[in-house]
Structures are given as C-alpha cells and as structure tokens.
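Numbering (the numbering used here), first residue to last: 557 to 651.
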C-alpha cells in the first residue's frame with residue numbers, strides 16, 4: 557500500500573490541505589504493508605531526514621520518493637530544479 561506523507565504534520569497539512577496527517581499516521585502505524593511515498597517539491601526537499609525519521613517512527617515497511625511534476629504551469633514554483641534534485645538525492649544517500 558502506497559501512502560503519501562510529504563512532511564512533518566504542519567507542512568504536510570499545508571501542502572495537502574485539511575488536518576489529515578495525524579489520522580493517516582494513526583491508521584498506518586506499524587503496518588508492514590505500507591510504503592511511504594513523499595512527493596518532493598521545493599516545499600519539502602530539504603527535510604528528507606525528517607521524512608526518513610517519520611518512516612522509522614511509524615513502523616511501516618519503508619520509503620520511496622517521487623518528484624512533483626507540473627502539468628499546467630510553465631515555471632511552476634513547486635518543481636525542483638536539477639540542483640535541488642541533486643541536493644535531495646545526496647542527502648538521502650548520505651543517510
């Protein structure tokens with residue numbers, strides 16, 4: 557089961573809307589069928605360590621990352637530039 561958790565609670569709820577982070581975390585706690593799949597954007601690529609820690613604390617199977625893709629906007633401010641993607645990948649591999 558794939559679940560998108562994009563950041564710690566305050567940022568996740570800002571990105572996704574509503575107050576769903578805590579409900580999601582309660583429902584997936586220690587469920588080894590779950591893999592977290594954050595969508596990395598300019599909003600959260602600098603907090604990869606936090607995302608990995610959330611994964612560890614939740615007791616789910618693991619984590620994989622997707623990158624935000626804009627389908628409608630030229631120069632979308634959420635799209636990661638190549639250098640930001642490289643920073644995120646470097647951070648993850650150093651863990």
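For each residue, glycine too, the CB sits at the ideal point set by N, CA and C.
Computed from a predicted model, the values in this text were never measured in an experiment.
Checking 8 angstroms against the spacing of the C-beta atoms, do residue i and residue j come in under that value?
| i | j | result |
| --- | --- | --- |
| residue 623 | residue 592 | no |
| residue 576 | residue 587 | no |
| residue 598 | residue 571 | no |
What residues in its chain sit with their C-beta under 7 angstroms from that of residue i, if we drop five residues either side in the sequence?
| i | result |
| --- | --- |
| residue 620 | 591 and 593 |
| residue 614 | 581, 584 and 585 |
Less than 7 angstroms between the CB of residue i and some heavy atom of the ligand COA, yes or no?
| i | result |
| --- | --- |
| residue 588 | Although the ligand COA was asked about, the structure shown includes no ligands whatsoever. |
In three-state terms, what does DSSP make of residue i?
| i | result |
| --- | --- |
| residue 559 | strand |
| residue 578 | helix |
Tell me which same chain residues have a C-beta within less than 6 angstroms of the C-beta of residue i, skipping the five on either side of it?
| i | result |
| --- | --- |
| residue 618 | 591 |
Would you report the Cα separation of residue i and residue j, rounded to the nearest angstrom?
| i | j | result |
| --- | --- | --- |
| residue 603 | residue 566 | 13 angstroms |
| residue 634 | residue 564 | 18 angstroms |
| residue 560 | residue 626 | 17 angstroms |
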